[in-house]
Every structure is written in structure tokens, then in C-alpha cells.
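K.L.:
The structure under discussion is supplied below as C-alpha cells; questions concerning it will follow.
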Amino acid sequence: MKRAMLILNPSSGKEEALQHKDTVLEVLTSSGYDTTIKETEKENDATIFAEEACSEKYDTVISMGGDGTLNEIITGLAEKPHQPVLGIVPLGTVNDFARALSIPMDPEEAIQMIRTADTRNVDIGKINQKYFLNIIALGGIAEATFGVSVEQKTKLGPLAYMIEGFKTIKEKEPFTISLRHDEGEWSVEALLVLIALTNSVGGFEKLAPQAEVNDGKLHCFIIKDVPLIKLVSIATALLKGTLKEDENVEYITASSIEAASDTDLIANVDGDEGDHVPMTIQVFKSHLPVFVPKGSLSK
């Protein structure tokens, strides 16, 4: 019999994980899986459980929680000789990775999708020794979002990040950053740097509409230091999916990027506080098998 490990965060989504646990078990059992349930209690539990699933050669790992839980699981699965297929039941605030894979945002629909799902090998990113799924952001605007509380995220969703970020715009502090990449090296005065793996970032699905989940590319947007009034057009371009075409934005793609700056910048990694620069960012192409909706591979 196939084996599945369900890793759930009991506190995710207003404790929704516990409400949906029985449904996941029923779907997995009827699909021929013998299921082990693991509930997280503290930071890095999900990573430890995912590593166990790899070493014991489970067939599937199901993530039921928010983006933080999913990132911990990815860290446990990455670069292992045996990788179970990852299933995602999104219970977070933003759920960017699930959005990029066209996984339903409704937890019940995402659970039922597992019955008929296709499997797709997708990219994952690595920043120094940590892994990420969606976005690296550098600059004061990005760092401001570290202060978003659980209550704000629950009440406002992705808008909570935007509000905190825009609060800092009038006090914007540009920085000089050097980016060494596949085509050479670039030094520029910037207000914000965004390095995306997928098309969905912060709940907005048009940041990098050209990005594919398995293209092996980092999509880097460098927003130059511009007058406040010009940030309005940049924000509009972001919402319309034309950010790379804005005259105040530089755009590059690369398989790896080395970032350095004289300013003490802290990376925002998938919404959480990450490493300080300097840093090396790379992508592992088509590295991780993931359940996706049936038929989505042909889209």
C-alpha cells in the first residue's frame, strides 16, 4: 500500500486544519494510501517531519497549513535522494505557491483535487542555505512588512502587507545594490528589488505573468529611486502585469544571482525575515514533484 504523511499546523487558518483533517484522511484512504498524521507544535517541526518522510520513502506528503508550514516542508524535502510527491491544502493568508499552481483556494476543493491530480515537477529557490518558493524582496518597503501581525493577516489578507509597505514610501530610503548574474554584473540605485520564482506574489497574480513554475529562472525587478509621484505608475504596472515594461524598472532573468550592498539589507523571504546581504540566490529547475489539478499541465 502507498504511504502518505499529512503534516498539519493546528493553528493555521483559524484552526481550520483540524476541521479538514478527517476529509483529507478519507480522500487519502479511498485513494489507496496508509496515512500518518503529524501535527506541528513549534518552529521547524514540519521540516523534521518532511525529512522523515524522505528517509522512510513515503510516497506523498500533504501540507495543510499556511505559507510558513509549506516553506518548512520544502526545506525538509529539498535536495533529498527520495522525494515524496507534495500535496498542498492552502490555509494561509496569501498562498502564493498554490495560486501559481492553480490549486483551488477553497480547502475542501483542494483536498478533493488530490483524487485526480496530475504531478508536475516545479522549481524551488535557495537563498544561502534556506529554501523559498515565491519571492525575495530587498529594501525598506520589504522590511516594513515584517511587522504585519497574525491578526492583521487574518483580517486583511494580502492587503495587510501592502498597507505596511506603503506606510514607509514617504520615508523611502534608496540603496545601492550590486547584482552579479548569468549575464554579468549590475550596480544600481534602487528603492526595492523583487526576485520572483512564480507569477503570484503577495496574492497578486500578475507581478511576473511570464514566469512559469518550472522555467528555471529568477525574475528580478529593480525598482529605481524615483520621485513619489512616479511610484503610482509603478504600482499600476504591477497590478496590470506590465511591471517589466515600466521605464523606472529594470528587469533581468537569471538562474543565480549574487547580491551585495553597503546598506544593511535584510531579505524578505516569502513574507518572512531572512538573511542579510550579501547573499547568493539560485533556482533548482523542475526539482520538486507536486500534485496539481488534472489537465493544468496542458495550459
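Residue numbering for the sequence shown follows the working numbering, starting at 17 and increasing by one per position. Ideal Cβ positions, reconstructed from N, Cα and C, are used throughout, including at glycine.
In three-state terms, what does DSSP make of L304?
P.N.:
L304 sits in a strand when the DSSP states are folded into three classes.
K.L.:
Helix, strand or coil for L172, going by three-state DSSP, please let me know.
P.N.:
Low confidence applies to L172: its pLDDT is 48, below 50, so where it sits in the model is not reliable, and the reading given next is rough at best. Three-state DSSP puts L172 in a helix.
K.L.:
If you draw a straight line from the C-alpha of L172 to the C-alpha of N284, how long is it?
P.N.:
Only weak support is given to the placement of L172: the predicted model assigns it a pLDDT of 48, under 50, and the value that follows is read from those uncertain coordinates. C-alpha separation (whole angstroms): 19 Å.
K.L.:
Measure from the alpha carbon of D286 to the alpha carbon of each residue in A276, I238, K142, then state which is nearest.
P.N.:
K142
K.L.:
Let me know the beta strand (DSSP E) ranges lying completely inside the stretch 245-304, each 3 residues or longer, listed in chain order.
P.N.:
265-270, 272-277, 282-285, 288-292
K.L.:
Below 8 Å between beta carbons: does that hold for V217 and D75?
P.N.:
no
K.L.:
Using the three-state DSSP reduction, which class does D50 fall into: helix, strand or coil?
P.N.:
strand
K.L.:
Beta-carbon within less than 6 Å of H36's beta-carbon, same chain only, minus the 5 sequence neighbours each way: which residues are those?
P.N.:
P123
K.L.:
To the nearest angstrom, how far is it from the Cα of L207 to the Cα of I239?
P.N.:
6 Å
K.L.:
For N137, which residues does DSSP report across the bridge?
P.N.:
P305
K.L.:
Tell me where the beta strand (DSSP E) around S118 begins and ends.
P.N.:
First-last for S118: undefined, no H or E at that position.
K.L.:
CA-CA distance, D80 and T45?
P.N.:
First, the residue type needs correcting, since residue 80 is Met and not Asp in the sequence shown. When rounded, the distance between both Cα atoms is 17 Å.
K.L.:
With three or more C-beta pairs closer than 8 Å as the rule, is the stretch 254-261 touching the stretch 129-137?
P.N.:
no
K.L.:
Using the Cβ count rule (16 or more neighbours within 10 Å means buried), how would you classify V138?
P.N.:
By the neighbour-count rule (16 or more Cβ atoms within 10 Å), V138 is buried.
K.L.:
Please report how far the alpha carbon of T192 lies from the alpha carbon of E57, in whole angstroms.
P.N.:
Between the alpha carbons of T192 and E57 lies a distance of about 41 Å.
K.L.:
In angstroms, rounded to a whole number, what distance separates the CA positions of S194 and N87?
P.N.:
27 Å
K.L.:
When you compare each of K96, G232, P100, T39 to L149 by their alpha carbons, which one comes out closest?
P.N.:
G232
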